[in-house]
Structures are given as C-alpha cells and as structure tokens.
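> From first to last, the protein sequence lines stand for chains A and V. Each residue of the first sequence is one higher than the one before, starting from 1 at the first, in the working numbering. Each residue of the second sequence is one higher than the one before, starting from 1 at the first, in the working numbering. Think of the CB as a built atom: it goes at the ideal place given N, C-alpha and C, for glycine as much as any other residue. Every value quoted in this text rests on a predicted model; they were computed, and no experiment measured them. Have a look at this one.
2 protein chains.
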Amino acid sequence: MQKKQGKQSIVFACPPVITSTANIGGPMEGQGLLGDYFDHLMEDNLNNLSSWEKCESYMLERVIKTAIEKENNELSAIECVFAGDLLNQLMSTHFALRALSRPFLGLYGACSTMALSMLAGAMAVDGGFFQKVAGAASSHHDAAERQYRFPTELGVQRPPIAQWTVTGAGAAILSATGNGPGITAATVGKIVDLGIKDTNSLGPAMAPAAADTLWQHIQDTGRQPAYYDMIFTGDLGSVGKALVIEVMREKGLDIADNFEDCGCMIYREEQDAHAGASGCASSAVVFCGYIYQMLLQRKWRKILLIGTGSLHSPTSYQQKESIPCIAHAVAVEM
Amino acid sequence: MQKKQGKQSIVFACPPVITSTANIGGPMEGQGLLGDYFDHLMEDNLNNLSSWEKCESYMLERVIKTAIEKENNELSAIECVFAGDLLNQLMSTHFALRALSRPFLGLYGACSTMALSMLAGAMAVDGGFFQKVAGAASSHHDAAERQYRFPTELGVQRPPIAQWTVTGAGAAILSATGNGPGITAATVGKIVDLGIKDTNSLGPAMAPAAADTLWQHIQDTGRQPAYYDMIFTGDLGSVGKALVIEVMREKGLDIADNFEDCGCMIYREEQDAHAGASGCASSAVVFCGYIYQMLLQRKWRKILLIGTGSLHSPTSYQQKESIPCIAHAVAVEM
C-alpha cells in the first residue's frame, strides 16, 4: 500500500489509536471557555516552584503521567516520547523528560508542536517501530513573555492584534492497538513566509502557512473540507482565522461553517486576551481536552487538526528578518 | 518482523540507504586534520553575508543542495527534510528551509542532531512514508558563542577542558533504494544528567549519556562493541572520550581500540581548540565527509555513530540547573 499521498501527505496503513489524552492549564485557562475540559488546573502560574520554566516542565511531566495513568498503564509502557516547547533549547521539555527518563525525540515546531508530535509519533507507530508512544507539547505565558518580549517590566501596551500565550500542556498516547479515535492521515508542512515582520501579528503571519497545508492536504488526499466535521487550526487568533477563511474562499472553497481556531476557543472576551490564545499549549490543551472528548462522545467523527507555528526567534527579529511559519496537519477519525 | 529490539532500539526491516552526503566547513575546519574531506570550504565565517546566523543558514542550504546534486537528482526529489541546529528556535534551519521550500520536520537534539536526523529520517523511509529524505545539521562557532557565551567581547579565557564549536554543516540523503551504506539499526536515547553544572565541561557532562546509549544498544541488539569496525561519538572531546572508555571498561567492555570521538578528529593540536571540537557540525561534517568516504572505500564496513547532545540553555544555566544530556545512535553498514 502506498502510504504517501501526493506531495506532502501520508495516509496511515494501520491508523495509530489515540488511546488517552491529558491536559493542564493555569488559572486564566481555567476561567476560560473550556474550563470544564481540563484534567488539572493550577492555582497560579508558578505552582509553588521557583521559576516559570520549572512550572512548565512540571506541566509537561504531569500530563504525560496523567495520560498514561488514565489508560491504567505504567509510565514504562511509553516506548518513546515525541515532545517540544517554545523555550530556547526546549528547556521545559528537557527537564520534564529528565524526570520521566523515557526514550525521547526532541521536536521544534513552535506552536505547531502538538500536531507535529502526533504526526511524528504516528509515523513511529504505523511504521512498526513502537507499540505505544506519547506526543506532547507545552507553553507558559510568563516564560514565553520573558523570552520573546523581555523586559516585560517595560509594560509596553499590547496591540489589539496580539495574542496571549497559553499556560498549559497536553499529551496524547498513541497506540498500535486499543480504543479511541485514530490518526488516519497527516500532511507535513513546508515553510511559508509572506514577509510579515511584526511579531505582534503572529496570527496573520501564520495564516498563509495554515492555508497552504490545508490546501495541500485537500490536493494530496482528495478529501474536501466537508469530509471533516470540523477543521481546527492551532493559534491563529481571530485575525488569522478570518484570513484563512478568505484565502480558501479565493481558492473556491468555503470552510466558514466547519472551521475553528483553537486560539479563539480558550479565553472569554472579558479576559482581555485580545486576538485570542497562542503558544504550543493552545492546540495542545484544546485537542487533548475538548476535541478529544467530543470525538469520544461522537459529537464529531472526523476532524483535521492543523498545528500552526511561527518559527521566528528574538535574534531573527532583531536582525529585521520576516517571520517564517509552518503548519502540520493530522486527521483524527473516530 | 519485530523492528523494536529490547528497550530503546530499532532494527530496520529494509535499511534505508545513505545514497549521498555533503559537508561544508569554515577556514579553521579546512586547516584541520580532515581538510581534504570537505565538499565546500568557506574563506571566512561570514561568507559575504551580513550575519553569522545567515552564514549558518547558507551552509545548511548548501549541503542539502550539494548532497542531492551529487546523486544527480533534483531538490524536488527530497520528499521531507529532517534537520536542526543549536540556535534558539532553530533559526538557521528555518531560514535554510524557507529557501529550500521542502516539507520539513524540525528536530532539536543539540549536538546529537545529525544522528537524530538520520534516525528520524530512517524511520520515515523504512516505515514506508517517503522514498527519499534528507537528514541535516549545522552549527556556527560565532553564532553559538554569541548565544551561549555572550558577551564574548569580555574575552574570558577558555579553560583547557572547553571545546570549540565547529562552523559547518552536513547533510545525508536517505533513500528506500540505491547504492551506499545502509542504516541498519538505531538506539533512541534517554536524558542522562549526573549533575555537572559547568558549561565549559560539556564533554564530561555528555559522556554518561553516550555510555548509556552505547550500553543500551549492546543490550538491545546483542551486538558487542567488536561487531563494529569503529564506534564514533559526536563531540565529547578528549576528556569526555576518555570517560566513556573508562565507564565501558567498568562494565567489562574494552572499546579503546575501535572507538573515536568526532570532536577529536577535526582540529590539529596547534589550532588551540583545547579539548576538541563540539557543536552539531562536529559529527555532521565528520560523518558526511570522512566516515562516509571510508565506508564507500570499504575501509570500514560497520560503524556506529552516537550523536551526543548537551541540552542545557543559557536560562537553565542562569537558574543554576545541571546539564541534561542525550545520545542517539545509528548503525551504518556497507
């Protein structure tokens, strides 16, 4: 059987099953629209730890442990972990994995990491290398602000187009056998950069990459947008989301009715997150909580998750470079 | 057929073939011991570009293009690129991949990236997802110094145990069919951290991870060290290399005769690199040049490349954390 489809896509021969997921959030996420769809909520963004980075490590470690416990399994049953985060040198992921002591492949896809980890993990399971792996991603609002917008003490006013980095983490257990929705297909993204240089406009910067991957997914697999009950992007926010709808409309496809952005699903209007949520945890907490629950409840049977990542660094910004972006898609079907 | 062996290893069913490689170095690398084994050498560390980071992007782009040209193929034949570097948010890799516009999975394994990219790429090929992929890694001395040891203008004297980050890049084309040595097996590392906090002692910090992965590879596959003509680690330098030999001797295995560290193979004594070379490019330029040539010439038929990565970040160092390390191994046989 030909697993590769078209130019950038894969159809899995034996769709890896998402046998369990877990997520965690901070107080702001708990007060948001999906507050009932978290396994764990922290009372503050430090959780009695000595740094935001340690708190992020704790979250990633916690969701991987919780996800495997929820399927009544031991940590040792996870044969390999695919994970990443937003911090320089994946700091949070590495300290979490040091504590977990499991075989580990580090990924960097910025905010596309949750989809990327499931894509890479599904290849490892469908390829016959492992029976059970974990895909996971995290972000932490304060750790990310310190890294990308230091010194935050300046108190620069956030423009309305800016988004709010989610404090949270999500983990999914992918198994060769078992019950749950399966990862049936995936599309590997390529880097798209239309020249946006404003790091407050990450949603608009990422929108062309999301549209490119969605369009390629349709071309490669022949699945029209209506094939999916819902199509989700990771963290485009309200401005980026509208742009994707418009780009697809220009290509003759109407996705307005079955397309949503995880970044628009987390915070309430009055929480002042401006254009919505962002960060690796945006799609991670929504997929590993609400979306997975809705799949289990058969509210949706087929969804496409398009993780969206802005791949700039503070150094590239200081060197006046534009923002390279990427989007990876995984199709999850019940 | 069972592809997974033991706890952390894989034996590939249809070993992906390394059909081509390419490498590039800077002037110091060209003047070193392996100066004759480079495809390209730059006259200086900027190569007429405006930043060290852009120069690193150029190197990564160049080796991927050269590797595919050397097998008389087009860039479009590469179905997916697996790559990474040392910089925050994989800056060099992302700008290189923006230029190449190929489907791309970003990896972070610090200096273990070359082995990691071949491991992940081999899984994608053997798993039947792609026919031809590229694995690649880069580092740049000045870009790395700016990031890890800023302000370098202070001119702090380097201790004798310190290593020198290689300016260079390497790429390997992995194909489902073709001529060349094959990737027959791999061992996925787990994070090992014995508490070293001195970021000048990266070789000693990484040595336990290298020994752990080598030991696990032997346990999992039943291949004794003598199975391989040569075992290479990535960038332990002279101090770390001696520690691995000692740790293995304590476990009852003598590897002194068929073990070398890529970090000890690049610079001449008089080049003042102290304990040796380091960086993603250490193993990348040695594997994609000298080692690959020796395999093609049948000087060696079976080698094990153990990529070694120090996963600390400047932030974790400032927070007084010890250094988490990892090592991934790939077995390459002619």
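(1) Report back the beta-carbon spacing between V:Arg-98 and A:Asp-193 to the nearest angstrom; my notes put them in contact at under 8 Å.
(2) Taking 8 Å as the threshold (beta carbon to beta carbon), is V:Ala-226 in contact with chain D?
(3) At what residue ranges does the region 177-228 of chain A contain a whole run of the alpha helix (DSSP H), taking only runs of 4 or more?
(4) Going by C-alpha distance, which of A:Asn-200, A:Trp-215, A:Ser-175, A:Thr-152 is nearest A:Ile-323?
(5) Please report the distance separating the alpha-carbon of A:Asp-212 from that of V:Val-81.
(6) Evaluate V:Asn-88 with the Cβ neighbour count: other Cβ atoms within 10 Å of its Cβ, from every protein chain shown; 16 or more gives buried, anything less gives exposed.
(7) Look at the alpha carbon of V:Tyr-317 and the alpha carbon of V:Lys-197, and state the distance between them as a whole number of angstroms.
(8) Grab the span of the beta strand (DSSP E) containing V:Phe-230 for me, first residue to last.
(9) Could you tell me which chain V residues have their CB closer than 9 Å to the CB of A:Ile-303, listed as they occur along the chain?
(10) Do the CB positions of V:Gly-191 and V:Cys-280 come within less than 8 Å of each other?
(11) For the region 253-270 of chain V, which residues have a CB atom closer than 8 Å to at least one CB atom of chain A, in sequence order?
(12) When DSSP labels each residue in this structure, what does A:Ile-306 get in the three-state scheme?
(13) Count the other C-beta atoms from every protein chain shown that fall within 10 angstroms of the C-beta of V:Arg-249, then say buried if there are 16 or more, exposed otherwise.
(14) Closer than 8 Å, CB to CB, is V:Tyr-108 near chain A or not?
(15) Leaving aside the five residues before and after A:Ser-282 along the sequence, list all residues of the same chain whose C-beta is less than 6 Å from its C-beta, in chain order.
(16) Look up A:Thr-19 in the DSSP assignment and say whether it is helix, strand or coil.
(17) Identify which residue in V:Tyr-228, V:Ile-231, V:Glu-270, V:Pro-208 has its Cα closest to the Cα of V:Leu-243.
(18) How would you list, in chain order, the residues of chain V whose beta-carbon sits under 9 Å from the beta-carbon of A:Cys-80?
(19) Which residue comes first and which comes last in the beta strand (DSSP E) that contains A:Leu-174?
(20) Whole angstroms are fine: how far does the CA of V:Leu-202 sit from the CA of A:Pro-103?
(21) Per the DSSP calculation, V:His-328 is bridged to which residue(s)?
(22) Please list the partners that V:Asp-126 has in chain A, where partner means a Cβ-to-Cβ separation under 7 Å.
(23) What separation, rounded to the nearest whole angstrom, lies between the Cα atoms of A:Met-59 and A:Ala-169?
(24) Let's test the definition: count the other Cβ atoms within 10 Å of the Cβ of V:Ala-226 and tell me whether it reaches 16, buried, or not, exposed.
(25) Count Cβ pairs between the region 122-138 of chain V and the region 133-145 of chain A that sit closer than 8 Å; are there 3 or more?
(26) Jot down the residue ranges of each uninterrupted beta strand (DSSP E) in the region 97-148 of chain V, minimum 3 residues, whole runs only, in chain order.
(27) Can you give the beta carbon distance from V:Gly-289 to V:Ala-110, rounded, assuming they're within the 8 Å contact cut?
(28) For the region 36-69 of chain V, list every residue whose C-beta sits within 7 Å of some C-beta in chain A, in sequence order.
(29) At a cut-off of 7 Å, would you count V:Gly-276 as near the ligand GDP, judging by its Cβ distance to the nearest heavy atom?
(30) Looking only at its chain, what residues have a beta carbon closer than 6 Å to the beta carbon of A:Ala-273, apart from the 5 residues adjacent to it on each side?
(31) Under 7 Å Cβ to Cβ from V:Arg-301, same chain only, skipping five residues before and after it: list those, please.
(32) Quick one: residues in its chain with C-beta nearer than 8 Å to the C-beta of V:Gln-224, no 5 flanking neighbours on either side, listed in chain order?
(33) Is V:Gln-5 close to chain A? Criterion is C-beta to C-beta, closer than 8 Å.
(34) Listing by chain order, which chain A residues have their CB less than 7 Å from the CB of V:Pro-16?
(35) Quick one: using the 10 Å Cβ neighbour count with 16 as the cut-off for buried, is A:Gln-147 buried or exposed?
(36) Examine the Cβ distances between the region 154-161 of chain A and the region 37-56 of chain A and report whether three or more of them are shorter than 8 Å.
Reading from the atomic positions:
(1) 5 Å
(2) The question asks about chain D, but that chain is absent: this structure's protein chains are A and V.
(3) 202-221
(4) A:Asn-200
(5) 18 Å
(6) buried
(7) 7 Å
(8) Checking the displayed sequence, the identity of residue 230 of chain V turns out to be Met instead of Phe. Note, V:Met-230: beta strand (DSSP E), 230-233.
(9) Near A:Ile-303 there are no residues of chain V at all, since even the closest Cβ is about 22 Å away, more than 9 Å.
(10) One detail in the question is off: residue 191 of chain V reads as Ile in this sequence, not Gly. Cβ atoms of V:Ile-191 and V:Cys-280: not closer than 8 Å.
(11) none
(12) strand
(13) exposed
(14) yes
(15) Val-166, Gly-234, Asp-235, Cys-262, Gly-263
(16) strand
(17) V:Pro-208
(18) Gln-8, Val-188
(19) 168-175
(20) 21 Å
(21) V:Gly-307
(22) Gly-127
(23) 6 Å
(24) exposed
(25) no
(26) 104-106, 132-139
(27) Going by Cβ atoms, the distance from V:Gly-289 to V:Ala-110 rounds to 21 Å, so no, they are not a contact pair.
(28) Ser-51, Glu-53
(29) Although the ligand GDP was asked about, the structure shown includes no ligands whatsoever.
(30) Trp-164, Tyr-267
(31) Asp-229, Glu-333, Met-334
(32) Ile-218, Leu-253
(33) no
(34) The contacting residues do not exist; V:Pro-16 stays about 11 Å from chain A at best.
(35) buried
(36) no
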